[in-house]
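Engineer: For the sequence shown, position 164 matches number 164 in the working numbering, and the numbering has no gaps at all. For every residue, glycine included, the Cβ atom is placed at its ideal position computed from N, Cα and C. Submitted below is the structure of interest, expressed as structure tokens.
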Amino acid sequence: MAFHPKSITAFLAAAAACNYASAFAPASRSASARQDLTRVNIATGLPNVNDMFSGLTGGNPSPNNIEPEEQKPERPGALIDLDGIAFSGLKGKALSLKASDFPDSGTVRKVIPADCFEPETAKSLGYLSVSVVGTALCTAFGFAALPLLDPANLLTLPFWLAYSAVTGTVAMGLWVLAHECGHGAFSKDKKLQDIVGYTLHSLFLVPYYSWQRSHAVHHRYTNHMELGETHVPEDSALPAEEKLYDALEVRKAILDKFGDEQGIKIWGGIQSVLHLIIGWPAYLLIGATGGPDRGMTNHYWPNPLTEPKQPKKELFPGNWKEKVYKSDIGVAFVAAGALAWAACNGVPEMMAIYGGPLIVVNAWLVLYTWLQHTDVDVPHFTDEDHNFVRGAFNTIDRPYDKLDPWGAIDFLHHKIGTTHVAHHFDSTIPHYKAQVATDAIIENFPDIYLYEPTPIPEALWRVCKG
């Protein structure tokens, strides 16, 4: 997404850099531009990658890798342009898929057990208690440490950074459950669900109904170039006047100045900070990394900040405008409390106990969303190629259960990253039933299900570098 007008502040310019993704999330090409394409048969069987590129250069495949006739793919893969595209652990699988490979929504829904679509209030409250108790214990430990380790003393910074990392990681579980409330996956009791969701979102300074709406739009237009809500690749064909700056040119300038080896590390470091630290507030404030056709948006103000290309696709239409203002009340209350805390006890204490863990929660949120929808060989689609099922199945499940030896982080985060394909197909599936739904999808649609096995830190660095 390009940001405009060009007179917005330097902070917004930095936030806009979060948008750069085109080098590692190739957009689907229009029919008129499809030339110099290579057919990649990966949807139904992975070829030897070296053999495939040998074919591109006129060489012959290795005799040891020639498959018997009956083992050839049952259908040809998609024609894609391999220029500038690297492969992740998916080995080009997502790029090989054609529109005809994807079933309709009803077909997918039929293979998922009906019970998966039924939230259980008692079970949801049980998982909520785990996250509440865990976060409360961490916070109590922080308060107990205040008399011994004054946050205003820089020598205590390592302790408070560690405290923020642990407490924010535990508190991310609260965010996941708040997110389920917004989807209607927490309880059939809508009043209880909204009370829980509104309270938790407000504690994270996120307007509940605003995000409920924008996140539903994100699900409807997953990996959509014009209307997607998050991590939309920069469109290199976008007119210069519609861009605040050209991220591709900035990246090239860094590589030219520092060389490819050092330049790509610098660029990756910049992207990691912009996304993980600045990315979430930038999204809430200006719609950073969203598609261009809704204009610049703000989750605390219901009207577009700039003229949308598609006015009928406004982010907060009709009754949603009033809901945005209702959401602001909770955020304002919590923000006022944080400011009063800082005024009475000092900014260091407020940031140590509340602000630091909040930044970590935000970083986890961006990490999940970024890696669930982005990699070097996962496409985004123009309107002519996109549909709901295709977008949902271009979501990526990853090995978050292997982030630590015990799978503790995946448990604390309610498996949001390991079962996200099923969640994107139907967001009313509660997290505690998402594994069953995922298993059904894998069994019935193995050719289109995406699981990228690269360890999370390595995958993140690959995506940061582009």
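1) Do Leu200 and Val331 have their CB atoms nearer than 9 Å?
2) Please report the straight-line C-alpha distance between Ile286 and Asn298, rounded to a whole angstrom.
3) Determine the direct distance from the alpha carbon of Gly134 to that of Trp364, and round the result to whole angstroms.
4) Take the Cβ of Glu234 as the centre, count every other Cβ of all protein chains shown within 10 Å, and call the residue buried at 16 or more, exposed below.
5) Starting from Asn362, trace the alpha helix (DSSP H) in both directions and tell me its first and last residue.
6) Hey, how far is the Cα of Gly318 from the Cα of Val132?
7) When the Cα of Ala352 is compared with those of Val108, Ala165 and Phe87, which residue comes out closest?
8) Within 10 Å of its beta-carbon, does Ala185 have 16 or more other beta-carbons around it, so buried, or fewer, so exposed?
9) So what does DSSP say about Trp406, is it helix, strand or coil?
10) Going by the beta-carbon positions, is the gap between His386 and Asn223 smaller than 9 Å?
11) Quick check on DSSP: helix, strand or coil for Asn444?
12) Under the assumption that Glu226 contacts Asp383 (Cβ atoms under 8 Å), give the Cβ distance between them as a whole number of angstroms.
13) Give, in chain order, every unbroken run of the alpha helix (DSSP H) that is at least 4 residues long and sits entirely within the stretch 249-303.
14) Straight-line CA distance for Trp301 to Leu315?
15) Which word fits Pro111, buried or exposed, when buried means at least 16 other C-beta atoms lie within 10 angstroms of its C-beta?
16) What does a CB cutoff of less than 8 Å around Phe333 pick up in its chain, not counting 5 residues either side in sequence?
17) Between Cys116 and Val389, is the Cβ-Cβ spacing less than 9 Å?
18) Return the bridge partner residues of Asp385 from the DSSP annotation.
19) If you drop the 5 nearest sequence neighbours on each side, which residues of the same chain put their C-beta closer than 7 Å to that of Leu276?
20) When you compare the CB positions of Leu371 and Ala434, do they come within less than 9 Å of one another, or not?
21) Quick check: what's the CA-CA separation for Val176 versus Gly182?
22) Kindly list the residues whose CB is nearer than 6 Å to the CB of Thr419, restricted to its own chain and excluding five residues on each side of it in sequence; keep chain order.
23) Roughly how many whole angstroms lie between the Cα atoms of Pro119 and Val361?
24) I'd like to confirm the pairing. Which residues does DSSP put opposite Asp224 in its beta bridges?
Structural biologist: Looking at the coordinates:
1) no
2) Whole-angstrom Cα-Cα distance: 5 Å.
3) 17 Å
4) buried
5) Taken as a continuous stretch (DSSP letters only), the alpha helix (DSSP H) holding Asn362 covers Gly356 to His373.
6) Rounded to the nearest angstrom, the two C-alpha atoms are 35 Å apart.
7) Ala165
8) buried
9) coil
10) Cβ atoms of His386 and Asn223: closer than 9 Å.
11) helix
12) Rounded, the Cβ-Cβ distance is 6 Å, consistent with contact.
13) 279-286
14) 11 Å
15) According to the sequence shown, residue 111 is Val rather than Pro. When all chains shown are included, Val111 counts as exposed.
16) Close CB contacts of Phe333 within its chain, under the 8 Å cut and outside five residues either way in sequence, are with Ser202 (chain order).
17) no
18) The partner list for Asp385 (beta bridge, DSSP) is empty, contrary to what the question assumes.
19) Ala363, Val366 and Leu367
20) With respect to the 9 Å criterion, Leu371 and Ala434 are not classified as neighbours on the basis of their beta carbons.
21) 10 Å
22) Ala434, Gln435 and Thr438
23) 25 Å
24) The amino acid at residue 224 is misidentified as Asp; the sequence shows His. In DSSP, His224 forms a bridge with Phe381.
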